[in-house]
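Peer 1: Got a structure here, written out as structure tokens. Questions coming.
2 protein chains.
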Amino acid sequence: MNYSKQREIIYQALADNVVHPSAEYIYDVLKQANSNISLATVYRNLNKMAHNGKIKKIQGLEDKAHFDHNTFEHYHFICKKCGRIFDIPCDIAPEIIKKTQESTGFKIESHDIVFSGICRECSENER
Amino acid sequence: MNYSKQREIIYQALADNVVHPSAEYIYDVLKQANSNISLATVYRNLNKMAHNGKIKKIQGLEDKAHFDHNTFEHYHFICKKCGRIFDIPCDIAPEIIKKTQESTGFKIESHDIVFSGICRECSENER
DNA sequence: ATTAAATATGATAACAATTATCAGTTTATA
DNA sequence: TATAAACTGATAATTGTTATCATATTTAAT
């Protein structure tokens, strides 16, 4: 894999961003920053980086994929009301994985946990 | 929700099936069984049944959704080689949920865990 | 049984997210 | 600096899924 300027700015846009953006969102951000990047390039590089573990791809309840530059082990919560995605720190999973691997004989290389429900803010706004 | 013949045969096709089929797969099965069912009807009813808890929708690693008539709590493993989806029984999750709910204040309504890697069979075939 | 309202259907058009294509450009390497 | 490999922008194509709509089926009330 060669160096590429576009991959660099895509990663930066992802890392600078508080939320967990979609490919389209990153594309819009970069467009507004006067880059003449192509949407295909955004998809290509996000997938490439997700593939080799530089970033994480979040594919869960929704129709489109989201990305996360945080690669330390954590999970996600999607709010059904506002659609926001929150990080969920978690340390119980290693047990599950070990247990599962032993009982099934499967080689587990990755795993994802996606919770969904109503976030606190939306829950409070409800009444 | 009214009774419907089509929903009945869709559920049967799902329940009779060993694998975790996609909507398209169920459609093909029913087509070959001489039903003149429509693909839209398959999608409509799978989603409806998933919505009211009669079946489970698996949305995870792949590009398309899969369905499962097993509604007891369990998770899934997707083999990166053969693409098959396996059930993973699991009883640790309730702890995670309680913990997460307490620490975040989020109301968790559902969750999904998708493991991926290489299944035993593919692992053995590798050498 | 007959009717009327609600719900479901098949066929297909529309849609949104993503990927493939391809000619031209950039990067790494010899 | 020449060459091959990798990357890019523009956009066409693909894929999974949903919307539309005229017709048919189901349900409940007469």
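Chains as they are written, first to last, in my numbering: chain A, 5 to 131; chain B, 5 to 131.
In this text, a Cβ means the ideal position worked out from N, Cα and C, and glycines have one as well.
Quick caveat: nothing in here was measured; it's all calculated off a predicted structure.
#1: Judging by CA-CA distance, which residue of B:Arg88, B:Gln10 and B:Asn74 is the nearest neighbour of Glu125 of chain B?
#2: Counting only Cβ-Cβ distances shorter than 8 Å, please list the residues of the segment 105-125 of chain A near chain B, keeping chain order.
#3: What number of angstroms, rounded off, separates the C-alpha of Asn129 of chain B from the C-alpha of Tyr7 of chain B?
#4: Measure the alpha-carbon distance for Leu50 of chain A versus Ile101 of chain B and round it to whole angstroms.
#5: Determine the extent of the alpha helix (DSSP H) in which Ser127 of chain A is found, giving its start and end residues.
#6: Counting only Cβ pairs nearer than 9 Å, list the residues of chain A close to Gly64 of chain B.
#7: Against chain B, does Ile41 of chain A count as a neighbour if the rule is that its beta carbon must be under 8 Å from one of theirs?
#8: Run through chain A and tell me which residues come within less than 9 Å of Phe76 of chain B, C-beta to C-beta.
#9: If we count Cβ pairs, one from each stretch, closer than 8 Å, do we get three or more for the segment 17-24 of chain B versus the segment 107-121 of chain A?
#10: In chain B, what lies closer than 7 Å to Ser127 of chain A by C-beta?
Peer 2: According to the structure data:
#1: B:Arg88
#2: Thr108, Gly109, Phe110, Lys111, Ile112, Glu113, Ser114, His115, Asp116, Ile117, Val118, Phe119, Ser120, Gly121, Ile122, Cys123 and Arg124
#3: 47 Å
#4: 30 Å
#5: Arg124 to Asn129
#6: Gln63, Gly64, Asp116 and Val118
#7: no
#8: The premise fails here: Phe76 of chain B is roughly 17 Å from chain A at the closest Cβ pair, so nothing lies under 9 Å.
#9: no
#10: Lys111
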